[in-house]
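Chemist: Residue numbers (my numbering): 9 to 198.
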Amino acid sequence: MFKWLKITKRKVLFVIGLYVTFYFDGALSANMARGLFGERVIMVSHLALLWLVMAQVWGRNAHLPVLTGSVIVGLGTDIYYSGIVGLAVFGLPLLVWLNQLLLSRVKLVGLWQAGYLLASVAVYELYLYGIESLLGLIHVGIVTFMIRIFLPTLILNLVYIILLSGFVIRLYQGHWLLKPVKRNPRAKVN
9 MFKWLKITKR
19 KVLFVIGLYV
29 TFYFDGALSA
39 NMARGLFGER
49 VIMVSHLALL
59 WLVMAQVWGR
69 NAHLPVLTGS
79 VIVGLGTDIY
89 YSGIVGLAVF
99 GLPLLVWLNQ
109 LLLSRVKLVG
119 LWQAGYLLAS
129 VAVYELYLYG
139 IESLLGLIHV
149 GIVTFMIRIF
159 LPTLILNLVY
169 IILLSGFVIR
179 LYQGHWLLKP
189 VKRNPRAKVN
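1) Kindly provide the ranges of any alpha helix (DSSP H) runs that are 4 or more residues long and lie completely inside the segment 33-82, ordered along the chain.
2) Which residues in the same chain as Ile169 place their Cβ atom closer than 7 Å to its Cβ, once the five residues preceding and following it in sequence are excluded?
3) For the segment 58-76 and the segment 16-30, state whether three or more C-beta atom pairs, one from each stretch, are separated by less than 8 Å.
4) What distance in whole Å lies between the Cβ atoms of Val65 and Leu116, which are believed to be in contact at a cut-off of 8 Å?
5) Output needed for Val129: all residues of its chain with C-beta closer than 6 Å, excluding positions within five of it in sequence on either side, in chain order.
6) Rounded C-beta distance between Val97 and Gly77? I'm assuming under 8 Å.
7) I believe Leu75 touches Pro101 by the beta-carbon criterion, under 8 Å. Please report the beta-carbon distance rounded to the nearest angstrom.
8) Can you give me the start and stop residues for the alpha helix (DSSP H) that Arg178 sits inside?
9) Pull up the CB-CB distance for Leu95 and Asp86, whole angstroms please, since I reckon it's below 8 Å.
10) Is Glu133 near Val79, with beta carbons less than 9 Å apart?
11) So which of Leu109, Leu111, Ser90 has the shortest CA-CA distance to Gly34?
12) State the start and end residues of the unbroken alpha helix (DSSP H) segment that holds Gly144.
13) Output yes or no for whether 9 Å exceeds the beta carbon distance between Ile50 and Thr161.
14) Quick one: measure Cβ to Cβ for Arg48 and Arg156, integer angstroms, because I've assumed they're closer than 8 Å.
15) Going by DSSP, what residue range makes up the alpha helix (DSSP H) through Val203?
16) Report the rounded CA-to-CA distance for Leu103 versus Leu179, giving the unit in angstroms.
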């Protein structure tokens, strides 16, 4: 009845991975600020968002608390990074919910999965641009945004997808860390 309450290894690893990716979002932004946030080009790291969407794409049957995780990450993002509570608290769960609706009807295979991850980052970045420009928080034209912020952000997050996808696939499909150890019945016990 309450499958989401059952604690499994995948759920624990999901929560640990969510914390680590949220931490690395801030750490990479702080330590590589000159490289990622220059005068001409701004690259925004969305590791936690990628972790959430990867969990949806590759961990469908694991009953992971992705929606709850998106609310927590959204609240943390709003408090620590933007200072305006509401942008990510509303945007991340909305994106996760829309992904759940779409992924329940579509099965992605191969490179479509990477494209879907990149499209999720693109939708979230466009959402943030639209809301922040409506609120008057940023004053950047759409062409400047696309060239100096949007495309570099997609390239950075594509690199993240390439680096993380093999690890996350093995993690959620049970081929690494979660595979039961086969013991040799003939081995002597001391």
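We put the beta carbon where it would ideally sit given N, CA and C, even for glycine.
None of the values given here were measured: they were computed from a predicted structure.
Modeler: Checking against the coordinates, here is how it stands:
1) 41-44, 55-66
2) Apart from the 5 residues on each side of it in sequence, Ile169 sits with its Cβ closer than 7 Å to the Cβ of Leu58, Ala122, Leu125, Leu126 in its chain, given in chain order.
3) yes
4) 6 Å
5) His54, Asn165
6) Val97 to Gly77, Cβ: 13 Å. No contact.
7) 6 Å
8) Start and end: 159-180.
9) 6 Å
10) Their beta carbons are not under 9 Å apart, which means Glu133 does not touch Val79 by this criterion.
11) Gly34 has its Cα closest to that of Ser90, out of Leu109, Leu111, Ser90.
12) Gly144 -> no alpha helix (DSSP H), and no H or E assigned at all.
13) yes
14) 6 Å
15) The question about residue 203 has no answer, for the chain in this structure spans 9 to 198.
16) 23 Å
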